[in-house]
Amino acid sequence: MSGKRNSITQTAGQTKKHKANRIINTQDPISLEQHITKHDLKQKITDAWKTQTEYYDESSGTGLYHKPFAHCILPNFVPDKQFVESLQNELMDLNFTEKSNDLYKFHQSIEDLKVIKSPFISKMRRLLYQDLHTWLCDVTGIPLNNKMDLSCAQYSYTDILCCHDDELEERRIAFIYYLVPSTWTEKDGGALELFDTDAVCQPGDVVKSIVPVRNNFVFFEVSAISFHQVAEILSEDKIRLSISGWFHGPPIKRPKPHIEPPLPIQPYGSIDEEVFFGWINPAYLSPDAQGEIQEKFETDSEIELQEFLQTDKYEALINAVRESSIKWCKKGPANKRMYYQGEEGSFAEVLKVFLDLLRSDAMFLLLSNLTGLKLHELAASDGEDDEIAENSNKKSKEPAQRESGVVNSTTKESEKACTACCRCEVRQWSHGNYTLVHDEDSEESDYALDLIFYLGGEGWEMEYGGSTSYIAKGEDEELLTVCPSPNSLALIYRDKDSLKFVKHVNNRIWQMPGSQFYDVSAVYYE
């Protein structure tokens, strides 16, 4: 691709403030709960860590586990309950900003907890830097250095942190200290969920769920298999408040990332003209309409075409995707995506015909006419005159076909030198589904035309999630958001520095009729 054409290249919020309770002496030091530092228990945890065996102390609730990876739960982390209350109040007194991208949505403190002067936060910081740092070095045997990251986060209704492994720079121990209400239960969501991994170190299933408990401290070793997530918050009136961060140390060797095989790529095939013209809304087939659409597309690099299919065809399609006979397969791994893909062998005939249409030479030429891209041998290139396009019109016999500029599917001349191709899949979206940006996505490696055709989505609202967002590589700011809309075809031209993801479909989706929607996603290459 010459690259001549343009391609697509946080809001702050404050929580309710509370005045910190100062009735205890802010000069008094705090310490870890006695059971944590008790010599016998510490030695048993140290031995269990070294031998990779599990240990559980029934009297205190302290536990060390190695499945799916090394993690430890320390209940009643700070013995002074009044201090815990005062610390919470100080944290709630901070200013918070919304953090939102493909991976997460929550609010984080603007102030850096590593330098903040508030008395209770300062004392907690010293406890982590000094007492806990020494304790962790002794227990794990990891030579942690003096670097520690520290922040405060608030998760409220529908907030989430999707699957990831925490590996970055020299992170060796990750930790979370919970300040949730004492009434927090599993039904409120927000659990720390741990994944098992396969032979190539990709996450599989959630095999352990750690429900937040007030004044509990959880830590785990950061490694190539430490995949975890914060489950979506389901409570509409409770806040998951926590302090979290990482202790740093010598980096460990990481295996090479697994490169997944991409979806099959195909050149265009043929389709009967009568079939093609029986599907597409005639409003998009006239030269004047195509010229206007192409002009807008070349300016914006994207366009959305409403009512793209004829009504009867769309109704037949939506009925077909809702059939129980379709086999939907979960698509992972969870650190890259989580949705359901339809198996073509189980599709009704009308859905198979629609996919053939999207992969046909007629569709490739129509998309060329709508976008100005060279997706077909008979499409005019930048700087060329309209001679080729005129010749394509002469191939068609019927006046309506001549006006459309869509090539006869039996034209062999158009197939000789064409290198254009596409990928295509049918997807189902419901609560908990999403896709993430990741470095190993081979489909994002070149200039391409994305096509998204929506099936269903009546009553969809932005707050439900499920929209497709485009961002520039290395940035969080959204360049474009494509929202589900029935019988809508979205076309987006992107370059190597444009990335896309589908936002997490959250608990609000249950307010939408049917509580799910479908799309057909295709990628076209010149």
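If you read the sequence shown in full-length UniProt numbering, its first letter stands for residue 1, the second for the next number, and so on.
Note that beta-carbon positions come from the ideal geometry of N, C-alpha and C, so glycine has one too.
Only a predicted model underlies this, so the values are computations on that prediction, with no experimental measurement involved.
Quick check: the Cα distance between residue i and residue j, rounded to an integer number of angstroms?
i, j, result
"L366", "K500", "24 Å"
"Y470", "E90", "37 Å"
"S488", "M363", "16 Å"
"E377", "Q266", "16 Å"
"D431", "F227", "In the sequence on display, residue 431 carries His and not Asp. Straight-line Cα distance between these residues: approximately 21 Å."
"E58", "L74", "12 Å"
"Q428", "T311", "21 Å"
"L32", "F217", "11 Å"
"C483", "Y434", "14 Å"
"S359", "N281", "As written in the sequence, residue 359 is Arg, which differs from the Ser given in the question. Going by the C-alpha atoms only, they are around 18 Å apart."
"T140", "H133", "11 Å"
"E344", "K352", "7 Å"
"Y464", "I509", "5 Å"
"residue 532", "R214", "No answer is possible for residue 532: it lies beyond the span of the chain, which begins at 1 and ends at 526."
"S209", "E274", "55 Å"
"S515", "G457", "9 Å"
"K44", "R126", "26 Å"
"E170", "I176", "18 Å"
"M148", "V84", "21 Å"
"V211", "S286", "59 Å"
"S188", "G466", "In the sequence under discussion, the amino acid at residue 188 is Asp, which differs from the Ser named in the question. Cα-Cα distance, rounded: 22 Å."
"E232", "H504", "10 Å"
"E78", "K123", "The question names Glu, yet the displayed sequence has Val at residue 78. C-alpha separation (whole angstroms): 11 Å."
Is it buried or exposed for residue i, if we count other Cβ within 10 angstroms and need 16 for buried?
i, result
"V67", "One point to set straight first is that residue 67 is Lys, not Val, in the sequence displayed. Counting Cβ neighbours within 10 Å, K67 comes out exposed, since fewer than 16 surround it."
"K94", "Residue identity check: residue 94 is Leu in the sequence provided, not Lys. So L94 counts as buried."
"N506", "buried"
"C422", "buried"
"H71", "buried"
"N76", "buried"
"Q88", "buried"
"V523", "buried"
"L128", "buried"
"L168", "exposed"
"G459", "exposed"
Contact check, residue i vs residue j under 8 Å by CB: the rounded distance?
i, j, result
"C163", "F195", "6 Å"
"I243", "L144", "The Cβ separation is near 18 Å, so there is no contact."
"F297", "L491", "7 Å"
"N369", "Q294", "7 Å"
"residue 548", "V230", "Because the chain here runs from 1 to 526, residue 548 falls outside it and cannot be looked at."
"I173", "V222", "7 Å"
"K473", "D450", "Between D450 and K473 the Cβ distance is about 16 Å, and since that is not below 8 Å, they are no contact."
"E236", "Y157", "5 Å"
"E425", "L263", "6 Å"
Determine which residues share a DSSP beta bridge with residue i and list them.
i, result
"T481", "S469"
"L451", "L491 and A522"
"P267", "C421"
"T197", "P203"
"D149", "W246"
"C72", "L64 and F219"
"H164", "H228"
Check residue i in the structure and name its three-state DSSP category.
i, result
"D312", "helix"
"Q108", "strand"
"Q428", "strand"
"H504", "coil"
"K416", "Note that K416 scores a pLDDT of 43, beneath 50, so its modelled location is shaky and nothing firm can be said."
"E461", "coil"
"E292", "helix"
"N21", "Confidence in N21 is poor, its pLDDT being 41 and thus under 50, which makes the residue's placement too unreliable to answer from."
"E98", "strand"
"Q52", "coil"
"L367", "helix"
"H438", "coil"
"R126", "helix"
How about residue i: is its C-beta nearer than 7 Å to some C-beta of chain B?
i, result
"Q43", "Of the protein chains in this structure there is only one, and it is not chain B."
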